[in-house]
Ligand SMILES: *Cc1c(COP(=O)(O)O)cnc(C)c1O
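Residue numbers (my numbering): 117 to 544.
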């Protein structure tokens with residue numbers, strides 16, 4: 117996609133906003149205030165904003181609970197017993213999967229463990245796992261403990277991919293070469309889809325193909341990809357994936373995760389798994405009998421009945437995504453993040469204060485830009501916050517800024533640029 121002829125001017129930003137077909141969605145979210153002013157919120161990578169509609173979705177379930185109590189499980193169209201089904205059309209679109217390949221359940225770290233039980237089945241000769249170096253801590257602890265659970269040594273089994281000397285992100289060719297090199301010792305590639313720290317989007321299709329070509333499986337943690345980029349998990353032949361819904365999916369702090377399992381595992385009663393009654397054949401669930409019969413597809417990995425209030429908040433947000441369309445959001449995202457990139461380069465350029473470490477190629481990133489700050493340090497970041505910019509800081513010197521296409525505007529980016537310019541003059 118071509119970038120427009122970007123300009124550092126308010127008139128230009130306003131014109132971009134006027135021409136933005138997604139602009140109406142901004143008004144569907146609540147913005148926090150910082151020092152009495154509406155924030156410039158670039159932190160949707162950490163916690164998405166609250167859709168205004170969440171309240172009424174929650175109130176409806178509170179009413180149902182009040183009016184129906186236990187009968188709410190089976191009463192009418194919105195019966196809680198089937199509540200997971202409501203989110204499936206939206207999840208199926210967002211993740212590029214059949215409805216039976218996705219289900220909302222649990223939290224992300226929990227789901228990673230459950231999926232590892234089924235898809236990391238090391239043998240004496242095939243037991244290696246490839247992951248990117250510097251993965252999110254929960255993923256690292258999960259892998260380490262899974263490997264130990266199998267009686268193996270994490271230092272021998274976990275292969276970490278590091279960028280080349282002097283580079284910040286991984287090259288696809290190097291990822292594929294490592295997969296090939298590990299060959300028939302490789303059990304699993306288990307990486308982020310979009311790296312939380314660098315903002316790099318990995319080529320999940322190529323990685324899955326390479327893993328399969330050596331007889332291994334490929335699974336992805338999509339915490340930072342979900343609701344950020346269009347995904348085609350089924351067509352890419354990804355074996356499994358999981359995500360959270362409180363980052364770009366705007367479903368509320370700690371809200372429900374979800375999983376994807378490729379349909380080739382839909383009928384695999386012999387695949388090891390940790391089971392619970394909600395994964396058991398729905399038609400026979402209340403016979404309360406012995407003998408676990410997994411439900412078809414991803415549903416067969418559920419353990420427990422759904423958290424209805426959490427699912428209601430999740431649904432409020434998913435309905436907005438359904439209306440907006442992830443492909444439309446991606447188009448705006450190219451332009452919006454492109455504008456941020458242009459302004460950072462223009463303003464910080466010669467001073468060398470900020471260095472963007474996220475890939476320059478828009479097909480290798482989502483909406484987030486990660487920056488190294490080389491002078492001024494956290495004082496610069498704190499100055500931004502004082503002026504209402506909510507981003508996030510990671511020691512020793514990384515700033516992440518995520519203009520999200522659903523609720524951020526070109527004017528947000530322009531106003532940030534003005535604050536950036538002043539802060540560089542003052543502190544760096
Ligand atoms: C946010 C995030 C998590 C958080 O896990 P929870 O179980 O939801 O607390 C895990 N992994 C990655 C890559 C993340 O970005």
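C-beta atoms are modelled at their ideal positions from N, C-alpha and C, and glycine is treated no differently.
Predicted model, so just to flag it, every value in this text is computed and none were measured.
Can residue 405 and residue 214 be called in contact, C-beta distance under 7 Å?
no
Whose C-alpha, out of 296, 257, 357, 159, is nearest the C-alpha of residue 208?
357
Unbroken alpha helix (DSSP H) runs of length 4 or more, entirely within the segment 245 to 276: which are they?
253 to 265, 270 to 273
Beta carbon of residue 304 nearer than 7 Å to that of residue 332:
yes
Per DSSP, which one or two residues make a beta bridge with residue 334?
305
Regarding residue 211 and ligand 1, is the C-beta to nearest heavy atom distance less than 6 Å?
no
Could you say which of 334, 526, 371 lies nearest to residue 236 if we only look at CA atoms?
334
Selected residue, minimal CA-CA separation from residue 138, among 520, 325, 375
520
Pairwise C-alpha distance: residue 526 and residue 455:
8 Å
Beta carbon of residue 490, beta carbon of residue 468: below 7 Å?
yes
Which ranges does the beta strand (DSSP E) cover as unbroken runs of at least 3 residues, wholly within the segment 419 to 473, from first to last along the chain?
470 to 472
Cβ-heavy atom distance, residue 360 to ligand 1, below 6 Å
yes
Using 6 Å as the cut-off, classify the Cβ of residue 464 as near or not near the heavy atoms of ligand 1, replying yes or no.
no
Over what stretch of residues does the beta strand (DSSP E) that includes residue 374 continue unbroken?
374 to 377
Cut-off 7 Å between Cβ atoms - residues of its own chain near residue 458, not counting five sequence neighbours on either side:
122
How is residue 153 classed by DSSP in three states: helix, strand or coil?
strand
CA-to-CA distance, residue 518 to residue 158, given in whole angstroms:
5 Å
For a test of the three-state rule: what should DSSP assign to residue 345, helix, strand or coil?
coil
Compute the minimum distance between the beta carbon of residue 223 and the heavy atoms of ligand 3, and state whether it is under 6 Å.
Absence of ligand 3 is noted for the structure shown, with ligand 1 being the only ligands found.
Is residue 364 a contact residue of ligand 1, with contact defined as CB to any heavy atom under 6 Å?
no
If you reduce the DSSP assignment to three classes, tell me which class residue 510 lands in.
strand
Distance between residue 262 and residue 177 (C-alpha atoms, nearest Å):
37 Å
If you run the structure through DSSP and keep just helix, strand and coil, what is residue 325?
helix
Here's the rule: buried if 16 or more other CB atoms are within 10 angstroms of the residue's CB, otherwise exposed. What is residue 530?
buried
Kindly list the residues whose CB is nearer than 6 Å to the CB of residue 367, restricted to its own chain and excluding five residues on each side of it in sequence; keep chain order.
361, 429, 430, 433
Just to confirm my understanding: we take residue 119, look at its own chain, exclude 5 residues before and 5 after, and list those with CB closer than 6 Å. What are they?
454
Taking 7 Å as the limit between beta carbons, can you name the residues of its chain near residue 167, skipping five residues before and five after?
144, 145, 366, 432, 433, 436
Hey, would you say the C-beta of residue 433 is under 6 Å away from at least one heavy atom of ligand 1?
no
What is the C-beta distance between residue 346 and residue 446, in whole angstroms, given that I count them as a contact (C-beta under 8 Å)?
6 Å
Could you have a look at residue 365 and say whether DSSP puts it in helix, strand or coil?
coil
Close Cβ partners of residue 319 (< 6 Å) along its chain, the five nearest in sequence each way excluded:
288
Return helix, strand or coil for residue 314, following the three-state DSSP convention.
coil
Host beta strand (DSSP E) of residue 79 (start-end)
The chain is shown only over 117 to 544; residue 79 falls outside these bounds and no answer can be derived.
Starting from residue 488, trace the beta strand (DSSP E) both ways and give me its first and last residue.
485 to 489
Which of helix, strand or coil does DSSP assign to residue 207?
helix
Classify residue 479: buried if its beta carbon has 16 or more other beta carbons within 10 angstroms, exposed otherwise.
exposed
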